[in-house]
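One structure is given here, and the rest of the page talks about it.
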Amino acid sequence: MDENAIRQWLIECFGPIQGEMAWSQIANLPEPIREQLLSQDPSRLPKPAEVQSMMQAFTAGGLNTMDDMQRTVQEGPINVKLATSIALQQANGEGSDRTVNAEQGQLARRAVSEANLWLDTVCRFDPVPGEVQLLTRSGWVEGTLDAWAEFAAPVAQSMNDAVASVMSERLGDAFGDGEVAGMFAGPVPIPIPEGMKDPAQLIRLLANTSFAMQLGKAAGAMSHEVRGSFDQGLALLKNPAGALIVQNIMAYADSLDIPVAEVMAFIALQELAHARLFAAVPWLMPRFEALIGKYARGITIDLDAMEEQLRDAASMDPDSLSGAVNLTKVGIPDHPRAAGGAGQLGEPAGPGRGMGRLRDVEGGHGPHPAYRTAP
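Reading the sequence shown from the start, the letters are residues 1 to 375 in full-length UniProt numbering.
Next up, the structure:
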């Protein structure tokens, strides 16, 4: 990697003052370390805009000071502020509407009214108090991210504990008995505050941050796909009446080449049917939460696989650590306890079997044939 190129990259990422400071840090490193850093493939460096975007997310996530970092570790296994910031960056990306306009709102409200009238004639569950929300993509992220983090927390905690265990018990030879002096994000040296140099504490912060990045990216991607708040079969919003993500419904109708009014009516019917079910059966959500906790407690980590992921990490940063906290790479999926929880999560809920004709809504038996094969 050409020294002038990396220097210019640092300036573009961090500005002239901080960029020069970062370059000075690299220039003052011992020669072997500096050569190793500068030998990296420049094509693997992120674009300056991506670096700036991530820095903004980390600032919003409360990772500015040592106290912030320690507080983040204490608050739980996932940095929810960071996850929300990352998700909103994707949700508010190019092409995303910032508001629901009057025409879209009128169309959606008419669909909701008609859906409620139809459900009143075929369903014994009462209407849900309150109004169905009409959300943008960012509104869906803001309304559901806390719930996603709550569901993911038991799994994240199990993974964090396993990572810390591997670091202390099986990678002690790599870290020694002392402290971590620093780490690198690509070629950029990152100083470690005095209070975070304990390897176990640092690894919990990195795992916490890595989970937040994964959750934020996943939620950001989903914000472009979900059409109703019950799309995942869970009550994620605090509003029991549910919500429609209007822009995504419009895009869905366009992809099916079906009039948007018909698609809006179909999605509204699904949303309101789910809202009535969850409102009528208040133990459903606590049951889901208990089963997810059971699944998390039953997860068995392949410590050899996790150790391999940690040793193969390009650097000690949240992105590089993501492989070590990825269940598809280090989890043992067929453990009886985890399989039991997962199996029960997949079973139909008891009250759901009594919904009668409302199952036709989910089964795709709408007025238009395209609904029956739509994804």
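Here a beta-carbon is modelled for each residue, glycine too, at the ideal position from N, C-alpha and C. Here the structure is a predicted model, which means the values were calculated and not measured.
With which residues is residue i paired in a DSSP beta bridge?
i    : result
A243 : Q133
Determine the DSSP secondary structure at residue i, reduced to helix, strand or coil.
i    : result
G228 : strand
D257 : coil
A235 : coil
W283 : coil
P16  : helix
R98  : coil
G76  : coil
N4   : helix
G298 : coil
S223 : coil
N28  : coil
K47  : coil
V188 : Below a pLDDT of 50, predicted positions are generally treated as unreliable, and V188, at 47, falls in that range; the measurement from the model is reported next regardless. V188 falls in the strand class under three-state DSSP.
S165 : helix
S158 : helix
D41  : coil
For the alpha helix (DSSP H) containing residue i, list its first residue and its last residue.
i    : result
E271 : 260-280
D126 : No alpha helix (DSSP H) holds D126; DSSP gives it neither H nor E.
I84  : Checking the sequence, you will find Thr at residue 84 rather than Ile. From DSSP, the alpha helix (DSSP H) with T84 extends over 80-91.
Which value, in whole angstroms, describes the spacing of the CA atoms of residue i and residue j?
i           : j    : result
A296        : E289 : 11 Å
W118        : L277 : 15 Å
residue 400 : T144 : Not covered by the structure: residue 400. The range shown for the chain is 1 to 375.
L234        : S43  : 41 Å
N101        : W283 : 36 Å
F14         : A241 : 45 Å
L107        : V246 : 10 Å
S255        : G298 : 41 Å
A275        : C123 : 12 Å
G19         : D41  : 20 Å
residue 376 : A91  : One cannot answer for residue 376 here, as it falls past the ends of the chain, which runs 1 to 375.
E225        : L134 : 15 Å
E131        : L291 : 30 Å
Q270        : P286 : 22 Å
K238        : Q157 : 24 Å
Q8          : E31  : 20 Å
S165        : Q74  : 18 Å
D257        : A147 : 33 Å
N248        : N116 : 21 Å
E94         : L45  : 23 Å
Can you list, in chain order, the residues of its chain with a C-beta nearer than 6 Å to that of residue i? Leave out the 5 residues immediately preceding and following it.
i    : result
A111 : M264, A265, A268
A253 : V260, V263
G105 : L134
A279 : V128, P240
Can you check whether the C-beta of residue i is within less than 7 Å of a C-beta belonging to chain C?
i    : result
G216 : Of the protein chains in this structure there is only one, and it is not chain C.
Whose C-beta lies closer than 7 Å to the C-beta of residue i among residues of the same chain, with five residues either side of it excluded?
i    : result
L88  : S138, V141
D304 : none
Does the ligand GTP have a heavy atom nearer than 6 Å to the CB of residue i?
i    : result
D254 : Questions concerning the ligand GTP fall outside what the structure shown contains, since it holds no ligand whatsoever.
Ordered along the chain, which non-local residues of its own chain (more than five positions away) have a Cβ less than 8 Å from that of residue i?
i    : result
E150 : E289
P48  : W9, E12, C13
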